[in-house]
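Just so you know, the sequence shown maps onto residues 0 to 187 in numbering that gives the first Met the number 0.
By construction, the Cβ of each residue, glycine as well, lies at the ideal position given by its N, Cα and C atoms.
The block underneath contains the structure these notes are about, expressed in structure tokens.
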Amino acid sequence: MVHALTTEVYKTLIVGPRNVGKSSLVRRYLLGRFETTYTATVGADLSVATFDFPEGTIVLSVVDLGGQQTFAALRNRFYQGAHHVILVYDKTDRSTFEDIPKWFETLTEGIRMPSYIFLAGSLVANKADLKDASEVTTEEGHQLADLLSMKYFETSAKTGMNVGEVFIHAATSCRTRIKSSQAEQSSV
Ligand SMILES: Nc1nc2c(ncn2[C@@H]2O[C@H](COP(=O)(O)OP(=O)(O)OP(=O)(O)O)[C@@H](O)[C@H]2O)c(=O)[nH]1
Ligand SMILES: [Mg+2]
Numbered sequence: 000m001v002h003a004l005t006t007e008v009y010k011t012l013i014v015g016p017r018n019v020g021k022s023s024l025v026r027r028y029l030l031g032r033f034e035t036t037y038t039a040t041v042g043a044d045l046s047v048a049t050f051d052f053p054e055g056t057i058v059l060s061v062v063d064l065g066g067q068q069t070f071a072a073l074r075n076r077f078y079q080g081a082h083h084v085i086l087v088y089d090k091t092d093r094s095t096f097e098d099i100p101k102w103f104e105t106l107t108e109g110i111r112m113p114s115y116i117f118l119a120g121s122l123v124a125n126k127a128d129l130k131d132a133s134e135v136t137t138e139e140g141h142q143l144a145d146l147l148s149m150k151y152f153e154t155s156a157k158t159g160m161n162v163g164e165v166f167i168h169a170a171t172s173c174r175t176r177i178k179s180s181q182a183e184q185s186s187v
């Protein structure tokens with residue numbers, strides 16, 4: 000039997016405009032179900048995902064932030080110290096895609112990472128199951144992700160498409176980013 004050698008704890012934020020499906024992605028990943036009715040997240044919902052890798056366990060604390068404008072000040076209080084962000088837009092609502100650079104800017108200011116660590120993140124185009132309603136192309140999504148140095152995913156909280164991949168990437172990228180920046184630090 001293989002015992003985990005280490006347990007590392009990281010914090011990821013799931014952020015983006017209201018109604019894009021952030022809570023639905025978390026619910027799909029952690030509970031394996033989907034709800035069609037929209038219940039806005041009031042403030043923040045906190046949950047934990049655990050990953051057992053051969054190298055050890057990663058505990059990811061997931062901070063799901065309500066996207067409504069009224070929560071802007073409150074959201075800022077959760078940003079600091081995050082290791083990773085999952086930035087979500089709705090592929091069927093172009094205005095949410097156009098808002099992403101503004102969200103990214105607010106996040107990078109709010110997180111206040113030490114200068115030697117880059118913000119690791121993913122750009123997620125959700126509601127990809129609604130193919131006929133798509134208002135943003137895959138190519139546009141990729142281009143924006145490249146511009147922001149984020150990894151691009153197309154997901155559906157409804158079908159579960161790519162949802163596991165997003166959270167596993169969050170866990171593993173926290174580890175590799177932190178490890179490589181520590182190595183760089185110690186080699187200076
Ligand atoms: N078809 C489809 N609908 C989705 C998907 N993800 C979420 N929805 C629907 O979109 C609506 C909003 O989902 P939420 O997960 O509450 O959105 P949110 O981003 O958490 O919203 P706030 O908490 O207000 O920021 C709900 O009615 C969901 O059922 C998806 O992948 N496909
Ligand atoms: Mg929500």
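Taking 8 Å as the upper bound for CB-CB distance, Leu4 and Gly80 are not in contact here, some 25 Å apart. Counted as a single uninterrupted DSSP element, the alpha helix (DSSP H) harbouring Lys21 occupies residues 21–30. Taking 6 Å as the cut-off, one finds no heavy atom of ligand 1 near enough to the beta carbon of Thr137. From the listed residues Val58, Val41, Ala43, the smallest Cα separation to Phe50 is found for Val58. A check of alpha carbon separations from Thr35 across Gly15, Val162, Lys126, Ser46 identifies Lys126 as the nearest. Assignment of Phe96 by DSSP, reduced to helix, strand and coil, places it in the helix class. If you look at Tyr9, you'll find it in the beta strand (DSSP E) that goes 6–14. For ligand 2, a non-hydrogen atom lies closer than 6 Å to the CB of Ser22.
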